[in-house]
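A.B. asks: In my numbering, the protein residues as written are 84 to 389.
Backbone N, C-alpha and C fix where the C-beta goes; we use that ideal spot for every residue, glycine too.
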Amino acid sequence: RFSYSSMTTPSQLYDYNMVTRERTLLKTQEVPSGHNPDDYVTRRVFAPAWDGEKVPVTLLYRRDTALDGSAPCLLYGYGAYGITIPAGFNTNCLSLADRGFVYAIAHIRGGKDKGFSWYEDGKMEKKTNTFKDFISAADYLNQEKFTSYAKIIAEGGSAGGMLMGAVANMAPEKFAGLIAAVPFVDVLNTMLDDTLPLTPPEWPEWGNPIESKDEYEQIASYSPYDNVEAKPYPPILALGGLTDPRVTYWEPAKWVAKLRDKTTGSAPILLKTNMDAGHGGASGRFQRLEEIAFEYAFAIKVAGKM
Numbered sequence: 084r085f086s087y088s089s090m091t092t093p094s095q096l097y098d099y100n101m102v103t104r105e106r107t108l109l110k111t112q113e114v115p116s117g118h119n120p121d122d123y124v125t126r127r128v129f130a131p132a133w134d135g136e137k138v139p140v141t142l143l144y145r146r147d148t149a150l151d152g153s154a155p156c157l158l159y160g161y162g163a164y165g166i167t168i169p170a171g172f173n174t175n176c177l178s179l180a181d182r183g184f185v186y187a188i189a190h191i192r193g194g195k196d197k198g199f200s201w202y203e204d205g206k207m208e209k210k211t212n213t214f215k216d217f218i219s220a221a222d223y224l225n226q227e228k229f230t231s232y233a234k235i236i237a238e239g240g241s242a243g244g245m246l247m248g249a250v251a252n253m254a255p256e257k258f259a260g261l262i263a264a265v266p267f268v269d270v271l272n273t274m275l276d277d278t279l280p281l282t283p284p285e286w287p288e289w290g291n292p293i294e295s296k297d298e299y300e301q302i303a304s305y306s307p308y309d310n311v312e313a314k315p316y317p318p319i320l321a322l323g324g325l326t327d328p329r330v331t332y333w334e335p336a337k338w339v340a341k342l343r344d345k346t347t348g349s350a351p352i353l354l355k356t357n358m359d360a361g362h363g364g365a366s367g368r369f370q371r372l373e374e375i376a377f378e379y380a381f382a383i384k385v386a387g388k389m
């Protein structure tokens, strides 16, 4: 028995006969609002990275979307802990596609999307590969006219929020906006505080700046909070949770405060703190949908679709 889904295909459950090699469809996920897979296109493209690697990028868009650089794009990334980001069916993404967006997932180093070495090439002293891969994905989407820099809204949460902070510092001109949910942006200070219960278990991922001068310097070179500079930043939406034990609420708060102080531009830099939520966001189904709607409203506004 196995299941299958794609960005355009709702989850399907099959029985497979190993003798006859026949499969039988048992169940298909219901979409109460209705769904026609033929209205959408999903495809996998490969963005060339700075070192010659090919970064997989999964795309979803409506079949009638003009691929001439005019479409807005929500580009999602994570790239940590060896977590592979599935390109499965998600009706939330379809709501953006229906509004003319290209929805993209960058399968960057730090995950295991291309095997264990893909993970190892995106951690510790090689962490900046994660950020460079994401920027390479944005470059490719702009070059191939799936979208344009002025229309790319980047999104990531937790370690993916660190990614957002890093690319905001490295290439702010390549993004129309950024959404950073519970972002791990004060990496250096957090890894230096071994009284925090989750700091020692994180050292194998980022490094131990207490014991190693080299690892201190590596983290300091990309830690988003420590690398905020006086330059224009794009519109940024940071989201935190008051009871978050992993990324404490003051991390996004102090990051936003520093961004507001340093930016030389006039783009809005927003902070929304959920006073009742932890690291996973709102716990109720409808409350979580409201959070997603808020994030998408920001993306739609920044893209000029509202």
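(1) Quick one: Cα of isoleucine 375 to Cα of aspartate 181, how far?
(2) Suppose you measure from the CA of proline 139 to the CA of valine 128; what does that come to, to the nearest Å?
(3) Less than 9 angstroms between the C-beta atoms of isoleucine 191 and glycine 160, yes or no?
(4) For tyrosine 164, which option in Met207, Leu261 and Pro317 has the closest C-alpha, if you only look at C-alpha atoms?
(5) What is the C-beta distance between alanine 313 and lysine 345, in whole angstroms, given that I count them as a contact (C-beta under 8 angstroms)?
(6) What first and last residue would you give for the alpha helix (DSSP H) that runs through leucine 179?
(7) What does the Cβ neighbour count give for serine 295, buried or exposed, with the cut at 16 atoms within 10 Å?
(8) Is leucine 157 near tyrosine 379, with beta carbons less than 9 angstroms apart?
(9) Measuring straight from C-alpha to C-alpha, what distance separates alanine 220 and phenylalanine 229?
(10) Between tyrosine 97 and the ligand HEM, is there a pair consisting of the residue's CB and a ligand heavy atom that are separated by less than 8 angstroms?
(11) Taking alanine 386 as the reference, give the member of Pro120, Lys341 and Ser153 with the closest Cα.
(12) Taking lysine 388 as the reference, give the member of Trp286, Asp122 and Gly183 with the closest Cα.
(13) By the three-class DSSP mapping on this structure, what secondary structure does leucine 108 have?
(14) Once you ignore the five residues that flank threonine 393 on each side, which residues in its own chain have a CB closer than 7 angstroms to its CB?
(15) When you compare only the Cα positions, how much space is there between leucine 275 and tyrosine 305?
(16) Could you spell out where the beta strand (DSSP E) holding asparagine 357 opens and where it closes?
(17) What do you reckon, are the CB atoms on leucine 325 and aspartate 359 nearer than 9 angstroms?
(18) Drop a sphere of 10 angstroms on the beta-carbon of glycine 244, count the other beta-carbons inside from all chains shown, and report buried for 16 or more, exposed for fewer.
(19) I think glycine 260 touches proline 318, with their Cβ atoms under 8 angstroms apart; what is that distance to the nearest whole Å?
(20) Let me make sure I understand the geometry here. Which of Ala254, Gln301 and Ala242 has the alpha-carbon closest to that of alanine 263?
(21) Under a three-way DSSP split, which group does isoleucine 319 fall into?
(22) Can you find at least 3 beta carbon pairs, one from the region 84-100 and one from the region 110-123, that sit closer than 8 angstroms?
(23) Any idea what DSSP makes of tyrosine 379, helix, strand or coil?
(24) Can you look up lysine 228 in the DSSP assignment and give me helix, strand or coil?
C.D. replies: Once the coordinates are examined:
(1) Near 16 angstroms, if we compare the C-alpha coordinates of aspartate 181 and isoleucine 375.
(2) Each residue's Cα considered, the two are about 6 angstroms apart.
(3) Taking 9 angstroms as the Cβ cut-off, isoleucine 191 and glycine 160 qualify as a contacting pair.
(4) Between tyrosine 164 and the set Met207, Leu261 and Pro317, the nearest pair of CA atoms involves Met207.
(5) That pair is a contact at about 5 angstroms.
(6) Per DSSP, leucine 179 is one residue of the alpha helix (DSSP H) stretching across 174-180.
(7) When all chains shown are included, serine 295 counts as exposed.
(8) In this structure, tyrosine 379 lies closer than 9 angstroms to leucine 157 by Cβ.
(9) Cα-Cα distance, rounded: 11 angstroms.
(10) In the structure shown, the ligand HEM is absent, as is every other ligand, since no ligand is present at all.
(11) Among Pro120, Lys341 and Ser153, the Cα nearest to that of alanine 386 belongs to Ser153.
(12) For the residues Trp286, Asp122 and Gly183, the minimum Cα distance to lysine 388 belongs to Gly183.
(13) In this structure, leucine 108 counts as strand in the three-state DSSP scheme.
(14) Any question about residue 393 goes unanswered here, given that the chain covers just 84 to 389.
(15) Distance between the alpha carbons of leucine 275 and tyrosine 305: 15 angstroms.
(16) Counting along the chain, asparagine 357 sits inside the beta strand (DSSP E) bounded by residues 352-357.
(17) Annotated as proximal: leucine 325 and aspartate 359, with beta-carbon spacing under 9 angstroms.
(18) Glycine 244 comes out buried.
(19) Their Cβ separation, rounded to whole angstroms, is 4 angstroms, which keeps glycine 260 and proline 318 in contact under 8 angstroms.
(20) Checked all of Ala254, Gln301 and Ala242; the closest Cα to alanine 263 is Ala242.
(21) DSSP places isoleucine 319 in the strand class (E or B) of the three-state scheme.
(22) Cβ pair count under 8 angstroms is three or more, so yes.
(23) Three-state DSSP puts tyrosine 379 in a helix.
(24) Residue state, collapsed to three classes: coil.
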